[in-house]
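Under the working numbering, residues 8 to 198 are what the sequence shown spells out, in order. For glycine and all other residues, C-beta sits at the position ideal for the given N, C-alpha and C. Computed from a predicted model, the values in this text were never measured in an experiment.
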Amino acid sequence: MTRIIAGQAGGRRLTVPSEGTRPTSDRVREALFSALEHDPGLSGAHVLDLCAGTGALGLEALSRGAASATFVEMDRRAVGVLRKNLAVVGLGGDVRYGPAGTVLAGDPPRPHDLVFVDPPYAEPDSAIAGWLSTGLRSGWIGEGTVVVERSRSREPFPWPAGYAGVRERRYGDTVIHVGDCYGPGMAGETR
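In structure tokens:
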């Protein structure tokens with residue numbers, strides 16, 4: 008069972024597609040948001056949830072005080088489930104259907120200052136780094152925090168120019184890479 012953990016919509020259950028979607032576990036989301044709540048960027052944040060699936064990450068952020076959320080998903084079935092979850096939770100949100108790279112190459116509704124990237128584990132790191140670069144260039148991603156979820160077997164995440172890795176946390180088979188987006192011109196690095 009996937010649910011919203013805390014905040015305004017805490018306890019509400021989310022529908023999960025029968026196959027093809029791997030929602031972030033409640034345990035990982037709880038740990039992630041406990042860390043983010045100490046970051047002043049969560050309250051009032053404009054959230055971008057890439058490879059949104061059920062929308063659990065963006066919806067959790069809205070429940071905990073984010074101002075808005077844009078969900079990007081390319082699987083048609085997952086988009087249907089995501090729209091249902093948005094209606095059940097009742098906190099709003101904008102859904103964009105299409106591949107992350109294609110959506111991010113278009114015009115943004117606004118710059119987002121909290122970004123979640125939870126792609127299928129088979130997605131190459133180079134593709135994700137490309138999405139982050141495209142999102143920064145096109146104005147989808149502004150200065151703020153970026154969270155990338157990957158499988159445990161991965162090497163350190165290759166942050167592109169304009170981003171810097173801040174920390175990495177392991178939860179079973181999942182690794183959460185947290186970085187900061189500083190804008191164009193800063194080389195990707197880990198602090």
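Report task. For Val155, collect the residues of the same chain with a Cβ closer than 6 Å to its Cβ; drop the 5 residues on either side in sequence, then sort them by chain order. Result -> Result list for Val155: Val124, Phe164, His184, in chain order.
Requested in this report: Measure the C-alpha to C-alpha separation of Leu143 and Val122 and round it to an integer number of angstroms.
Outcome: So the alpha carbons of these two residues sit roughly 11 Å apart.
Query raised in the report: By DSSP, does Thr141 sit in helix, in strand, or in coil?
Result: In this structure, Thr141 counts as helix in the three-state DSSP scheme.
Query raised in the report: Can you check whether the CB of Ser50 is closer than 8 Å to the CB of Gly72?
Result: Note that the C-beta distance between Gly72 and Ser50 is below 8 Å.
Requested in this report: Compute the Euclidean distance between the alpha carbons of Thr197 and Tyr170, then round it to the nearest angstrom.
Outcome: Any reading at Thr197 is ruled out, since the residue's pLDDT is 45, under 50, leaving its predicted position unreliable.
**Report entry** Residue nearest to Val3 in terms of C-alpha spacing, selected from Leu43, Ser133, Gly151, Thr22
**Finding:** For the chain, the structure presents residues 8 to 198; residue 3 sits outside this window and is missing.
Query - Pro126, buried or exposed, once every other Cβ within 10 Å from all chains shown has been counted against 16 - result: Of the other Cβ atoms in all chains shown, 16 or more fall within 10 Å of the Cβ of Pro126; this residue is therefore buried.
Query raised in the report: Taking the C-alpha atoms as reference points, what is the distance between Arg10 and Gly97?
Result: The straight-line gap from Cα to Cα measures roughly 14 Å.
Report task. Leaving aside the five residues before and after Arg103 along the sequence, list all residues of the same chain whose C-beta is less than 6 Å from its C-beta, in chain order. Result -> Closer than 6 Å at Cβ, skipping near neighbours: Val79, Val110.
Report task. Spatial neighbours of Lys91 within its chain, please: CB distance less than 8 Å, with the 5 preceding and 5 following residues excluded, ordered by chain position. Result -> The beta carbon of Lys91 sits closer than 8 Å to the beta carbons of Thr22 from its chain, once the five residues preceding and following it are set aside; these are given in chain order.
Query raised in the report: On the three-state DSSP scale, how would you describe Ile11?
Result: Annotated three-state conformation of Ile11 is coil, per DSSP.
Report task. Could you pull the start and end residues of the beta strand (DSSP E) that Glu150 belongs to? Result -> Note, Glu150: beta strand (DSSP E), 148-158.
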